[in-house]
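Per the working numbering, the very first residue in the sequence shown carries number 4; after that it's consecutive.
Yeah, the Cβ is synthetic: ideal placement off N, Cα and C, and Gly gets one too.
This structure is a prediction, so every number in the text was calculated from the model and none was measured.
Have a look at the structure below, then the notes.
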Amino acid sequence: MPSGVVTLGRHTYASGLYWENSPSGFVSQAAKEAARQPGHRASLYAIRPGNTRTGRVPQFALSQDTPDHHIGMPSLAGCLANEQPGSWVGAFQFREGVAVVIVRDDLVVPDGDIFFESASDARDRLLQEIALGGRLKIYAPESWGVQGSDSIPISLLLRDRSDVRLRPVEIPRSWFIALGVSAVALAAILMISWILQRMSAAEEAERRAQMLELERARRAAQQMIPQLVQKPPEYPPPQRVWEQKPLPLEFVESCQNTLSKVPLATAAWRMTSIGCVGSSLTVRWGRSGGFSLPPPGAFVSETGSVATLVLPLQESKPRGKEDLWSPTALTRRILVQNWPGTIGRALDDPKPLPPPDYKGPWDPPAPPWMKRSFSFSFAALPWVLPTLFEGLPGLIVESLVADGPSGPWTVEGVIYENRS
């Protein structure tokens, strides 16, 4: 049976092997014993493991002594049979020649791995196998005109498979020589590594002793010189003042609810001012003449002409976590809403004081935010214009003041913003 080599893609495949079924599960041992039989002169073999699920027995193939086949080369028929099980026959053209592969019941037949240099000889062998009958799938070149054949390219059938490879029957003597040389080289490398490791350990011990000596000298020097440099102070984080204040609309609502408890009209007294500042409401009346008691709960001045009532505002909870806007976003909001009155830059909050027992420089950095002050007046009650405050972080209403119950109202406060 002629042997040959075919090239497909990045692989070179061996063709023209002699296939046998293995009588036992020790396929490699059976292949080596068959290769040593007189008349074979086989130096290489390949194996196909069995398949317990389908009942397929193991197979091995022998390669006669030839310079074309070498250790590690994949077998074309073995790889094709593993990728395309069943019963089929195929003739495949390569630039080196034509390979004919015959597989029945998932086994490569003994003379089913043939290499032809002549296409006509390969075609005759293919037709001969077809004439034997049986349900076979046929693969052949389209130009051959074989009835019922499929001309699918072998690259699609094989799909780059290369798991069935040639192995040596006898371990080459050169391998033993190479193994011996490798063992000697490995021993030399281990010896050199051990010597270098001992030298490195000695150097590391010497370096560690020097470092300990330097550390002792440094500590001795520190004890001899005075400590002239004081440790820099740890400044406390700046207070997020706005998060401890109620939301603007809650402050306005608290002022409104408290004001509803105050009589707006008292005989012989005229209301002159209303002011919600901080946590209290202050209302003042001026005496307009006639005999009358002052408003309930009000304190009357020594002259009897002014009455003042101070009421605590309803308790409001802090607004909690609230992230500030950038100066650009805040300015855009003010311009879009066309805020009345005046808006200007306000001074930063006072810096935190040093601890009582601290001695030394104290200069906390500026907080990462700044603030603007605002003041505007309008005739309507301030709680009818919530759109100015709603959804604007960092805004604190500090005072709501009116010249009597009919206004106008003046609103003052600050807006915190991130520092640019």
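Here residue 184 carries a helix assignment [DSSP, helix/strand/coil]. Taking 8 Å as the cut-off, the Cβ atoms of residue 168 and residue 77 count as close.
The region 133-142 and the region 87-95 touch, with no fewer than 3 CB-CB distances between them shorter than 8 Å. DSSP places residue 245 within a helical segment (H, G or I) once states are collapsed to three.
Taking every protein chain shown into account, the CB of residue 186 has fewer than 16 other CB atoms within 10 angstroms, so this residue is exposed. The beta carbons of residue 102 and residue 9 sit closer together than 8 Å.
Within 10 angstroms of the beta-carbon of residue 83 lie 16 or more other beta-carbons, which makes it buried. The region 365-383 and the region 405-421 touch, with no fewer than 3 CB-CB distances between them shorter than 8 Å.
Taking 8 Å as the upper bound for CB-CB distance, residue 6 and residue 67 are in contact here, some 6 Å apart. In the structure shown, the three-state DSSP call for residue 255 is helix. Close CB contacts of residue 254 within its chain, under the 6 Å cut and outside five residues either way in sequence, are with 400 (chain order). Taking a contact to require three or more Cβ pairs closer than 8 Å, the region 55-63 and the region 104-121 qualify as touching. Per the C-alpha coordinates, the member of 422, 156, 106, 155 positioned closest to residue 137 is 106. Taking the Cα positions, residue 349 is about 42 Å away from residue 271.
Counting of Cβ neighbours within 10 angstroms places residue 324 among the exposed residues, the total staying below 16.
With respect to the 8 Å criterion, residue 12 and residue 163 are classified as neighbours on the basis of their beta carbons. Of all alpha-carbon atoms in 257, 275, 307, the one lying nearest the alpha-carbon of residue 320 is that of 257. Under the three-state reduction of DSSP, residue 341 is assigned to coil, being neither helix nor strand. Ranked by Cα distance from residue 240, the first of 304, 283, 367 is 367. Put simply, of 322, 54, 207 the residue whose alpha carbon is nearest the alpha carbon of residue 246 is 322.
Ranked by how close their Cα comes to the Cα of residue 395, the residues 340, 353, 365, 406 have 340 in first place.
For residue 242 and residue 375, the gap between their C-alpha atoms comes out near 17 Å.
Taking C-beta atoms under 8 Å as the contact rule, residue 286 and residue 312 qualify, at a distance of about 5 Å.
In this structure, the CA atom of residue 100 is about 5 Å from the CA atom of residue 120. If you ignore the 5 residues before and after residue 266, its C-beta comes within less than 8 Å of the C-beta of 298, 299, all in its own chain and listed in chain order. Here DSSP, grouped into helix, strand and coil, assigns residue 389 to helix. Between residue 314 and residue 261, the beta carbon gap of about 5 Å places them in contact (Cβ cut-off 8 Å). For residue 374, the enclosing beta strand (DSSP E) begins and ends at 372-381. Using a 10 angstroms sphere on the CB of residue 274, the tally of other CB atoms reaches 16 or more, which defines it as buried.
Cβ-Cβ distances below 8 Å link residue 236 to 357, 361, 363, 364, 365 in the same chain, with the five nearest sequence neighbours on each side left out; the list follows chain order.
A residue is called buried once 16 or more other Cβ atoms fall within 10 Å of its Cβ, and residue 198, having fewer, is exposed. It is roughly 13 Å from the alpha-carbon of residue 171 to the alpha-carbon of residue 36. Residue state for residue 174 is assigned as coil, using DSSP reduced to three classes.
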